[in-house]
Amino acid sequence: MSKSLPTLSESFTLQEALEMISNEDNVEEIYVEPPEANVLTDEDSGDEDGGGMVDNLSGPQLRAPAEVRFINTTPRVIVPSKLRKLKWINGDIQSVGRAFDYPNSTEFKELSCVQLFEKFIDDDIIKLLVKETQNYALFNNCANPNISAEEIKCFIGILILTGYNHLPGKRYYWDMGSDMRNNLVYNSMRRDRFLQICRFIHCADNNLPDMSDKMWKLRPLMDKIKAKCLSNFQPEENLNYDECMIKYYGRHGCKQFIRGKPIRFGYKMWCFNTASGYLINFDIYQGNNPRRRDAG
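Letter by letter, the sequence shown follows residues 143 to 438 in our numbering.
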């Protein structure tokens, strides 16, 4: 017995979809398209440091187009195809496949973790973040933000640390309690400075929005990281293409809710990887993608 996932083709909103499936047991997934791009804010009503709840979705998210996929348990009968008559020829078999060499990663073996990181997040990306963060701070009437490249690097380092060293909230890394404070974070940057950069961090110009692209605020950063992933890619024979979920419970209009997944709240991303897990290319799912023709 096979299992397929038919998609309802009718156009309806997330609110309507949730009402439709409230008493259904055979719902496999719900895909929610991000709301339309917004220049001023991407926030919803969810708690920044708490778990995502369906009741906390904003009005634009509840009005966003949604797709519901149900489990289809109808048996599928496979009819064997008719046998084709083969015509044999004399001669040697010619190989038409390309011979792939084993990926050569010797140039990366002697690099430190920081040097490997800078292969992807280089000075060009740091300059972009400094420039756009400064501009957005001035746009919000913050006089003389004076955000430096070293502060942005330190800020990124703290974000990486908080990804595996979890505390209930950002402020706890500077807490006076010995069971909370992280000395590495505490000695790297002042708490208020970190929160200020959190408030203003930007990688695109708000005065030049691309309203056809729901990810326009991240697009300059994403394009630069894609270019780095491609330039450092060592060609190999076996590749895979699949989707993944980036867990996110914070305040952002592009956050999706997908029922039936281990990670229900976050970004859905299409990934092109090697067999060892190296990310070659990627893009964030946003429904009807106007950049689809440019992705090839």
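Cβ atoms here follow ideal geometry from the backbone N, Cα and C, with glycine treated the same way.
Quantities reported herein were computed from a predicted structural model and do not represent experimental measurements.
Determine, using beta carbons only, whether residue i and residue j come nearer to each other than 8 Å.
i           : j           : result
residue 414 : residue 383 : yes
residue 271 : residue 302 : no
residue 358 : residue 385 : no
residue 289 : residue 276 : yes
residue 322 : residue 309 : yes
residue 314 : residue 328 : no
residue 307 : residue 324 : yes
residue 253 : residue 204 : no
residue 235 : residue 297 : no
residue 265 : residue 366 : no
residue 422 : residue 372 : yes
residue 159 : residue 274 : no
Residue i: which of the options sits nearest, CA to CA?
i           : options            : result
residue 280 : 252, 355, 244, 348 : 348
residue 388 : 375, 427, 362      : 427
residue 368 : 232, 262, 257, 223 : 262
residue 370 : 275, 404, 258      : 258
residue 397 : 419, 208, 161, 366 : 208
residue 344 : 158, 362, 220, 236 : 362
residue 278 : 355, 256, 241, 350 : 350
residue 420 : 381, 403, 406, 399 : 381
Just to check my reading of the structure: residue i and residue j have Cβ atoms closer than 8 Å, yes? What is that Cβ distance to the nearest angstrom?
i           : j           : result
residue 391 : residue 409 : Not confirmed; about 12 Å, so no contact.
residue 342 : residue 287 : 7 Å
At a cut-off of 7 Å, would you count residue i as near the ligand SAM, judging by its Cβ distance to the nearest heavy atom?
i           : result
residue 300 : Judged by which ligands are present, the structure shown has none, so any question about the ligand SAM falls away.
What residues match up with residue i in a beta bridge as DSSP calls it?
i           : result
residue 410 : 387
residue 421 : 415
residue 426 : 411
residue 291 : Answer by DSSP bridge pairing: none, since residue 291 is not bridged.
residue 399 : 407
residue 369 : Residue 369 is not bridged to any residue.
residue 207 : 155
residue 382 : 415
Between residue i and chain D, is the shortest Cβ-Cβ distance under 8 Å, so that the two count as touching?
i           : result
residue 274 : As a matter of chain content, chain D is missing from the structure shown, which is built from one protein chain.
Handout entry: Inter-stretch contact (C-beta, 8 Å, three-pair minimum) for the stretch 215-228 and the stretch 330-342
Key = Contact between the stretch 215-228 and the stretch 330-342 is absent: fewer than 3 CB-CB pairs across the two stretches fall below 8 Å.
Exercise for the section: Flag this pair as touching only if the stretch 238-251 and the stretch 371-378 have three or more C-beta atom pairs under 8 Å; answer yes or no. Expected result: The stretch 238-251 vs the stretch 371-378: in contact.
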